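Okay, structure first, notes after.
Residue numbers (our numbering): 6 to 376.
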């Protein structure tokens with residue numbers, strides 16, 4: 006455990022002795038009001054454990070799970086510290102020592118039972134959504150659907166292939182197989198043994214494809230960034246669907262029947278924005294299909310606020326995660342009525358849970374309305 010903390014010595018020390026300049030940036034601390042939930046609070050605990058002043062016990066372990074890993078604190082840090090990386094590494098240590106919160110063990114059992122984070126047979130469900138032709142194995146481009154979309158908003162997947170067809174992009178197949186989940190939540194909760202078993206199987210299933218596309222920033226991030234970090238090499242051409250579509254849109258392949266006149270506001274997801282650096286393609290596509298450009302949140306792009314769904318945080322504290330989403334929606338309520346657009350199924354899910362009457366829609370579904 007201590008060698009792991011030593012790897013993060015600089016980050017831990019800088020945060021411990023910092024006057025909490027990023028406190029207001031932490032979505033968890035903002036809704037709970039607890040000092041222990043700030044990046045400073047969690048890093049100070051790690052400092053005390055490293056120095057031998059505290060035991061790494063169940064109480065300390067519980068604290069390190071109260072981070073949504075949204076990385077917004079890093080955007081406000083003059084030292085570019087990444088407290089969430091410390092928390093993720095120490096979660097794996099907590100699991101090794103058997104001191105993880107009960108919610109983590111509950112998730113482990115849930116995942117073992119369903120082979121995914123969503124509690125359904127994703128393989129069977131996806132086959133009901135698309136014609137058999139889209140599951141051909143001969144394609145060099147594979148679309149990896151999000152489990153969240155399959156279970157909670159399957160029409161987004163259908164809209165995606167509707168757009169492919171409308172733009173004459175006929176070389177994309179949809180992934181279906183034994184493993185339909187990247188295991189991101191396993192990693193985020195420190196369940197590394199299961200994560201590696203899952204990643205090995207999925208990476209083998211995707212290994213032969215030259216291009217991988219997904220409508221989920223979490224899927225893209227896991228396959229593009231985290232899998233290679235752990236030795237699971239895939240093609241470097243891994244794109245969010247907005248990145249994949251934009252070159253075809255520039256070529257004039259998107260034939261818009263009539264621009265959507267409804268006013269919209271665009272929300273940057275943490276994974277797609279800060280973690281993957283994808284800011285312009287979704288906005289550029291929206292400009293092609295909306296009568297007027299989408300409005301922006303006061304905090305957007307790199308400074309965009311979290312929806313509360315990152316880092317498997319809803320599994321740890323669903324109430325707080327929904328409060329985080331509600332806090333983000335405050336700005337939507339204050340402005341004139343607008344369609345809330347995001348390009349992340351987790352964000353869309355969180356906003357729907359926060360307000361079931363909210364008009365929130367995936368970027369792909371906005372495009373599908375006008376083709």
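For glycine and all other residues, C-beta sits at the position ideal for the given N, C-alpha and C.
Bear in mind the structure is a predicted one, so any value in this text is a computation, not a measurement.
In chain order, what residues of the same chain have a beta carbon less than 8 Å from the beta carbon of residue i, not counting five sequence neighbours either side?
i	result
residue 298	288, 291, 292
residue 45	20, 21, 23, 25, 27, 28
residue 215	145, 146, 240, 242
residue 363	334, 337, 345, 356, 357
residue 128	181, 182, 183, 185
residue 87	16, 76, 79
residue 176	144, 145, 146
So, with DSSP's three-state summary, where would you put residue i?
i	result
residue 269	strand
residue 148	strand
residue 21	helix
residue 371	helix
residue 346	strand
residue 300	strand
residue 376	coil
residue 283	coil
residue 358	helix
residue 295	strand
How should residue i be labelled, buried or exposed, when 16 other C-beta atoms within 10 angstroms of its C-beta is the threshold for buried?
i	result
residue 138	exposed
residue 202	exposed
residue 279	buried
residue 264	exposed
residue 169	buried
residue 117	exposed
residue 286	buried
residue 38	exposed
residue 186	buried
residue 96	buried
residue 11	exposed
residue 5	It is not possible to answer for residue 5, since the shown part of the chain is limited to 6 through 376.
residue 148	buried
residue 98	buried
residue 276	buried
residue 158	buried
residue 58	exposed
residue 272	buried
residue 316	buried
Could you pull out every residue in the same chain whose Cβ sits closer than 7 Å to the Cβ of residue i, ignoring the five residues on either side in sequence?
i	result
residue 43	25, 28, 31, 34
residue 243	217, 225, 228, 229
residue 246	165, 218, 219, 220, 369
residue 174	253
residue 122	116, 152, 186, 190
residue 207	184, 187
residue 49	21
residue 210	182, 184
residue 284	273, 278, 306
Who are the near neighbours of residue i in its chain, counting only those whose CB is closer than 6 Å to its CB and skipping five residues on each side?
i	result
residue 350	151, 153, 154, 221
residue 326	313, 318, 319
residue 113	196
residue 321	70, 108
Taking C-alpha atoms, which residue in the options lies nearest to residue i?
i	options	result
residue 269	73, 134, 366	366
residue 374	294, 318, 325	294
residue 17	70, 91, 60	91
residue 178	167, 103, 186, 187	167
residue 359	334, 371, 369, 372	334
residue 19	41, 36, 38, 51	51
residue 255	172, 211, 103	172
residue 372	141, 89, 251	251
residue 145	180, 253, 112	180
residue 301	98, 233, 337	337
residue 348	200, 233, 249	249
residue 355	341, 342, 310	310
residue 106	56, 80, 194	194
residue 71	81, 261, 89, 211	89
residue 130	148, 156, 147	156
residue 353	343, 330, 83, 237	330
residue 231	133, 283, 204, 134	204
residue 120	233, 200, 223, 296	200
Is there a Cβ from chain B that is less than 9 Å from the Cβ of residue i?
i	result
residue 83	The structure shown contains no chain B, having only a single protein chain.
- Task: At 4 residues or longer, and completely inside the region 159 to 207: list those alpha helix (DSSP H) runs for me, N to C.
- Result: 160 to 171, 189 to 193
**Request:** Please specify which runs of the alpha helix (DSSP H), each continuous and at least 4 residues long, are wholly inside the region 81 to 151, giving them in chain order.
**Result:** 88 to 102, 107 to 119, 127 to 132
Mind pulling the beta strand (DSSP E) runs of 3 or more residues that sit fully within the region 212 to 267? Fully enclosed beta strand (DSSP E) runs of 3 or longer: 216 to 219, 243 to 245.
Extract the residue ranges of the alpha helix (DSSP H) inside the region 24 to 62, only unbroken runs of 4 or more that lie entirely within it.
32 to 37, 44 to 55
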